[in-house]
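> Sharing a structure below in structure tokens format, with a few things to ask.
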DNA sequence: CCTCAATATGCAATAAATTGCATAAAATTG
DNA sequence: CAATTTTATGCAATTTATTGCATATTGAGG
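Listed below in structure tokens is the structure:
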């Protein structure tokens, strides 16, 4: 249940509304933690009821109310405690590999097309990451220091995507040879 | 919902009881699809009610009954249809990266220890994979041909683990420099 | 032979995630 | 300016997954 702690980490840096948090989640943790907007809204509600976060409703005469969440000292302790505990190695659920495993029953061309589709996505993701990496390297070294740990998560993304693409080349070679 | 199709793929190759399937699942798909024994038993029950698989109860006088599931033609069609459809690129939920992202709040030594723990696990996994790869290369070429696609999933595991370990080296370098 | 782990099932309760809406203001575009 | 998309929120139902038991057999070790 790290969704909770992921949100706490975001709130520790800065307070925000549900939507804010969703956006920040997507931008900063989205690559390595997936969460839908419902999950985030529901999680916020739950965390509020557990007093890990507090809620300030900014009444606005014209617009609908804005609910801004902040982390509480209790939430902060919860986060720090989580950080001190070991996390379980994460489980992988990769449907593409299931498909490849059972690939004998599929049309080879359909497998090839599927790999191509995924390759496009992975290449785009990699390009995005490389762009962020360039920005990072162009930023002042004080900022680089601040972002050193998030940068490591970016590196994970880059190395992971590169490995994926290298693997896809192997797959293509095998599939091409199977049905020439 | 590929758990269903993963199980169907296993049953397509050979019938089996819940426990059989669980074991085969672990051995063959376990690296890239995680499923607990409850999930598998429950899924089998559900698939049976949907007539995707059939059930033969072997009554045994001394031992408890053995329930053997086989794939039905309907199940086979379902599997093939799934194989023909595109699968969504899989979502990643990696708590370790969440932790690293929020790492400023943690003890650097605790982060290092955590990385070390995970490194051990990943190195072991890689070694297991490399062992299987050696077996594969030592097997007769007819068998290599049969296992070509499952072998590709193994390659994914190998490349993925190698990339992880290379990343862990980067992480160690940064963490060591942060608190000398 | 007794005990303890491993094999081989499975139920029930809970928690978490997904799906499918639903609303309504703000910004954009034709 | 009307129509559409994007922003911003959230409920309720369903599906999936996890947790915590609960049995009963088999095999191995002391």
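Residue numbers (UniProt numbering), protein chains in the order written: chain A, 1 to 180; chain B, 1 to 180.
Think of the CB as a built atom: it goes at the ideal place given N, C-alpha and C, for glycine as much as any other residue.
1) Which of helix, strand or coil does DSSP assign to residue 93 of chain A?
2) Return the chain-ordered list of same chain residues with a C-beta closer than 7 Å to the C-beta of residue 164 of chain A, the five sequence neighbours on each side being excluded.
3) Measure the beta-carbon distance from residue 111 of chain A to residue 175 of chain A and round it to whole angstroms, keeping in mind my assumption that it falls under 8 Å.
4) Run through chain B and tell me which residues come within less than 9 Å of residue 198 of chain A, C-beta to C-beta.
5) Among A:115, A:100 and A:7, which has the Cα closest to the Cα of residue 53 of chain A?
6) Give a yes or no on whether the minimum CB-CB distance between residue 77 of chain A and chain B is below 8 Å.
7) Enumerate in chain order the residues of its own chain whose CB-to-CB distance from residue 26 of chain A is below 8 Å, with the five nearest sequence positions on each side excluded.
8) Got a sec: which bits of the stretch 16-44 of chain B sit with their beta carbon under 8 Å from any beta carbon on chain A, in order along the chain?
9) Does residue 141 of chain B have its Cβ less than 8 Å from a Cβ in chain A?
10) Using beta carbons (cut-off 8 Å, strictly below), is residue 120 of chain A in contact with chain B?
11) In this structure, what does DSSP give as the bridge partners for residue 16 of chain B?
12) Name the chain A residues that come within less than 7 Å of residue 134 of chain B, Cβ to Cβ?
13) Would you check if there are 3 or more beta carbon pairs closer than 8 Å linking the stretch 123-143 of chain A to the stretch 153-162 of chain A?
14) Whose Cβ in chain A lies nearer than 7 Å to the Cβ of residue 66 of chain B?
15) 8 Å is my cut-off, CB to CB: does residue 123 of chain B come that close to chain A?
16) Between residue 103 of chain B and residue 166 of chain B, what straight-line distance do the alpha-carbon atoms span, to the nearest angstrom?
17) Indicate the three-state DSSP secondary structure (helix, strand or coil) for residue 139 of chain A in the structure shown.
Reading it off the structure:
1) strand
2) Excluding the 5 residues flanking it on each side, residue 164 of chain A has same chain C-beta neighbours closer than 7 Å at 122, in chain order.
3) 6 Å
4) It is not possible to answer for residue 198 of chain A, since the shown part of chain A is limited to 1 through 180.
5) Of A:115, A:100 and A:7, the smallest CA-CA separation from residue 53 of chain A is found for A:7.
6) no
7) none
8) 28, 29, 31, 32, 33 and 34
9) Cβ-Cβ to chain A under 8 Å: no for residue 141 of chain B.
10) False, the Cβ-Cβ gap to chain B never drops below 8 Å.
11) B:69
12) Within chain A, no residue comes near residue 134 of chain B; the closest Cβ sits about 17 Å away, beyond 7 Å.
13) Three or more pairs of CB atoms, one per stretch, sit closer than 8 Å, so the stretch 123-143 of chain A contacts the stretch 153-162 of chain A.
14) None at all; the shortest Cβ gap to chain A is about 25 Å.
15) no
16) 20 Å
17) Coil.
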